[in-house]
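Start counting the sequence shown at 1; every next residue gets the next number (full-length UniProt numbering).
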Amino acid sequence: MNINFSLRGKIPVLLLRQRCMMARKLTAAQKHKMFKYLVDRDGYLCFYCKKKFKSVRDPIYEHLNNDETDDREDNLVLAHQSCNILKSTQKDKKYLSMAEYKLIENEKHVGDLYVRESFLKKNSKDEASTEITISKKCFDITEKYVTDNVLANGWVVYKETMHSIVYLCKKKIGYGSEQQIRSHILTLTSPVAPFEIIKDPKTKKKIIKKRFAETASSIA
């Protein structure tokens, strides 16, 4: 790879502005998903020494501009930890120049635009599909629990019901939050749904079968 060492320190102002505007910090889960994209783009090898990784523990997420808060895919490559350290200690600054050149290349989207867009689009679509599937399963569990217990007992305590359903969802599908289950319960007790929430000063908030005939559906 022929590097133009005169590029060092001369990144165009427009790209610097773009970097500041788009800098973002990814979560550990998002970094994990980014791994496949980086391998597709650059290969399963260290960006600096060009040697293939011998162990899954070898690669680290290397920030080309040395800003660890800037987790844009353009600013990330896979590298050895030792090469990352060498980058800042080399007298000839070879690795530093490679990093700066690579960042410029990435920000101009040379060669890898299709791979990047395809990866990010597929990743986004997969995440949306997973969220919809989880939400539907949680709603089904919520509806069955409320229906079965209201029919059997005439009512259920709201707070205990929510906590019980959260537990069931986590037990059965591995997901479930109070916020999500609360939303499903509110759906089941909406004006057109078959249940309602009641409360008086002497009792806890309860969920019962709706008492009025104008509901759009019925559990009977």
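Note that the Cβ used here is the ideal one computed from N, Cα and C, for glycine as well.
For I207 versus F195, is the C-beta spacing smaller than 8 Å?
-> For this step, residue 207 is matched to residue 207 along the sequence shown. For this step, residue 195 is matched to residue 195 along the sequence shown. Yes, the pair counts as a contact, with Cβ atoms nearer than the cut-off.
Assign H80 to one of three DSSP states: helix, strand, or coil.
-> What you label residue 80 is simply residue 80 of the sequence shown in a count that begins at 1. If DSSP states are grouped into helix, strand and coil, H80 belongs with coil.
When I141, H63 and S135 are compared against H80, the one with the closest alpha-carbon = For the purposes of this step, residue 80 is taken as residue 80 along the sequence shown, with counting starting at 1. It is H63.
Quick one: measure Cβ to Cβ for I185 and M162, integer angstroms, because I've assumed they're closer than 8 Å.
-> Here residue 185 refers to the residue found at position 185 of the sequence shown. Here residue 162 refers to the residue found at position 162 of the sequence shown. At roughly 6 Å, the Cβ-Cβ gap stays under 8 Å, so I185 and M162 are in contact.
What's the C-alpha gap between H32 and K52?
-> Taking the first residue of the sequence shown as 1, we reach residue 32 at position 32. Taking the first residue of the sequence shown as 1, we reach residue 52 at position 52. One C-alpha to the other measures close to 19 Å.
List the DSSP bridge partners of F195.
-> Position 195 of the sequence shown holds residue 195. Answer is K209.
Can you give, in chain order, each stretch of the beta strand (DSSP E) that sits fully within the region 135–188 and has at least 3 residues?
-> With a minimum length of 3 residues, the continuous beta strand (DSSP E) runs that stay inside the region 135–188 are 155–157.
How should K91 be labelled, buried or exposed, when 16 other C-beta atoms within 10 angstroms of its C-beta is the threshold for buried?
-> In the sequence shown, residue 91 corresponds to position 91, counting from 1. Looking at its Cβ environment, which holds fewer than 16 other Cβ atoms inside 10 Å, K91 is exposed.
Using three-state DSSP, classify Y44 as helix, strand or coil.
-> The residue you call residue 44 lines up with position 44 of the sequence shown. Three-state DSSP puts Y44 in coil, outside helix and strand.
Take L45 and list the residues in its own chain whose beta-carbon comes closer than 7 Å to its own, dropping the five residues that flank it on each side.
-> The sequence position of residue 45 within the sequence shown is 45, counting from 1. K51, K52 and F53.
Out of S164, F212, Y167 and V157, which has the shortest C-alpha to C-alpha gap to D200?
-> Within the sequence shown, numbered from 1, the residue matching residue 200 stands at position 200. Per the Cα distances, V157.
Reduced DSSP secondary structure (H/G/I, E/B, other) of K91 = The residue given as residue 91 occupies position 91 in the sequence shown. Residue state, collapsed to three classes: coil.
Could you tell me which of D58, D70, N84 and V77 sits nearest to G43, measuring between CA atoms?
-> Counted from its first residue, the sequence shown places residue 43 at position 43. Of the listed residues, the one whose Cα sits closest to G43 is V77.
Return yes when the Cβ of F47 is within less than 8 Å of the Cβ of K102, no when it is not.
-> Within the sequence shown, the letter at position 102 stands for residue 102. Within the sequence shown, the letter at position 47 stands for residue 47. Yes, these two residues count as a Cβ contact at 8 Å.
Beta bridge counterpart(s) of H63 as assigned by DSSP = Position 63 of the sequence shown, counting from 1, holds the residue named residue 63. Beta-bridge pairing links H63 to L76.
Counterpart residues of K52 in DSSP-defined beta bridges | The residue you call residue 52 lines up with position 52 of the sequence shown. Per DSSP, L45.
When burial is assigned at 16 or more other CB atoms within 10 Å of the CB, is I165 buried or exposed?
-> In the sequence shown, the residue the question calls residue 165 occupies position 165. Buried.
So what does DSSP say about S97, is it helix, strand or coil?
-> Taking the first residue of the sequence shown as position 1, residue 97 is located at position 97. It is helical.
Chain-order list of residues whose beta-carbon lies under 8 Å from that of L96 (same chain, five-residue window excluded) | Here residue 96 refers to the residue found at position 96 of the sequence shown. R8, K87, S88 and Q90.
V150 versus T187 - alpha carbon distance = Here residue 150 refers to the residue found at position 150 of the sequence shown. Here residue 187 refers to the residue found at position 187 of the sequence shown. C-alpha separation (whole angstroms): 16 Å.
Go ahead and label residue 274 buried or exposed: buried means 16 or more other beta carbons lie within 10 angstroms of its beta carbon, across all protein chains shown.
-> Residue 274 cannot be examined here, being either before or after the span of the chain that is shown, 1 to 220.
Indicate the three-state DSSP secondary structure (helix, strand or coil) for T130 in the structure shown.
-> Your numbering for residue 130 matches position 130 in the sequence shown. T130: helix per DSSP, three-state reduction.
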